[in-house]
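Notes to accompany the following structure.
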Amino acid sequence: CLSFCCELFVVVVCCFCCFCLLVMVKDIEKAKRMGYASLLLFVIFVGLMSISVVPAGNVGVVDCFGWVSEDYRDPGIQFVAPWCSLIPFTVQTQIIAMSEDVPSKEGMNIHLEAAALFHLDKASSVTMYKEVGRQYIDVVVIPQFRSVLRSVTSGHEAKDLYSAAARLSMTSSLKNELRDLLYDRGLRVESTPLKSLTFPKTLQEAIQEKLRAEQESQKMEFVLQKESREAERKSIEATGIQKFQDIVRQGIDEKLLRWKGIETTEKLAASQNSKVIIIGGGSNGLPLIYNPADDEVQPVQKT
């Protein structure tokens, strides 16, 4: 409005100067030509004052001395009455970061750094201008985001937030609650990433000790399972050996041993070496080999 008043003042001054020149000029034709030229300049000046540009990624809201148009203007060149203002509203993705000491479920303070990505719905730009204004981030978004942060963390115990699953759950809850609060205002929440969680030193040490104990327990459980499987393997192996020995023991009898003795005798008889073969007496006698070089008799081993 201030710029419009300045422009209007310039127009009035120019018109006054033209009027003074017309009064001073005695030639009627010349005065008419000057009047037409002044009128043309005035029209051109007003036309230039009516041109406004809405930047890319923005929409424009038309405000005419307190009267606000219900229709927003798209990016590009827009023609607006000189006495109206075109207020730009960004609809691009914006981000706010928050660094807060928030309480956990048991009342322990946790230093939390989080962010929220959001954008303004272009269809809600006029309503946002009427009800909140251009400072809607400071008035609406930041207070609601801070409130939701405290609400979400107070529903989780500090030790639970040390795990990735709990952080993912908290991020999801944070996004859903903030989205529900800002939706009616025409703000669309895209994501709420958690940057960092800083726990008190005593809690960190306790959690680390607990994790070490859990790892030792899991390691011992693994060792016990390994030993149990090894014992089971050895038991199965021993059972197999026992069964094999039983089968072999049942398959060897006197007839088989006698037959093996006969086969050995035949092989010795076919050998080119000099030898003396003594057949054992009785039904259970086995052949003996007499080696003159060693001068001792060696029994043929059972096979």
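When we follow UniProt numbering, the leftmost residue of the sequence shown carries the number 1, and every step to the right adds one. We put the beta carbon where it would ideally sit given N, CA and C, even for glycine. Being a predicted model, the structure only gives us computed values, none of them experimental.
Quiz item: Is the beta carbon of His-119 sitting closer than 8 Å to the one on Arg-188?
Solution: yes
Quiz item: If we count Cβ pairs, one from each stretch, closer than 8 Å, do we get three or more for the region 89-98 versus the region 116-136?
Solution: yes
Quiz item: Short check: CB of Arg-167 to CB of Leu-194, under 8 Å?
Solution: yes
Practice problem: Have a look at Val-297 and Thr-264 and give me their C-alpha separation to the nearest angstrom. | Solution: Because Val-297 sits at a pLDDT of 45, beneath the cut-off of 50, its placement in the model cannot be relied upon, and the following sentence gives the value as read from the coordinates. Looking at the two C-alpha atoms, the distance is approximately 16 Å.
Quiz prompt | Other residues of its chain near Tyr-129: CB distance less than 8 Å, five sequence neighbours each side excluded | solution = Val-61, Asp-63, Val-68, Ile-87, Phe-89
Quiz item: Using the C-alpha atoms, what's the distance from Asp-180 back to Phe-145?
Solution: 11 Å
Quiz prompt | Continuous beta strand (DSSP E) assignments of at least 3 residues falling wholly in the region 77-104 | solution = 85-90, 94-103
Quiz prompt | Terminal residues of the alpha helix (DSSP H) in which Thr-127 lies | solution = 125-131
Quiz item: Per DSSP, which one or two residues make a beta bridge with Trp-67?
Solution: Cys-64
Quiz item: With C-beta atoms as the reference, is Leu-174 less than 8 Å away from Val-141?
Solution: no
Exercise. Using 7 Å as the cut-off, classify the Cβ of Asp-74 as near or not near the heavy atoms of the ligand SAM, replying yes or no.
Key: With respect to small molecules bound, the structure shown includes none, and the ligand SAM cannot be examined in it.
Quiz prompt | Candidates Thr-198, Asp-74, Leu-224, of which the one nearest Lys-122 by Cα | solution = Asp-74
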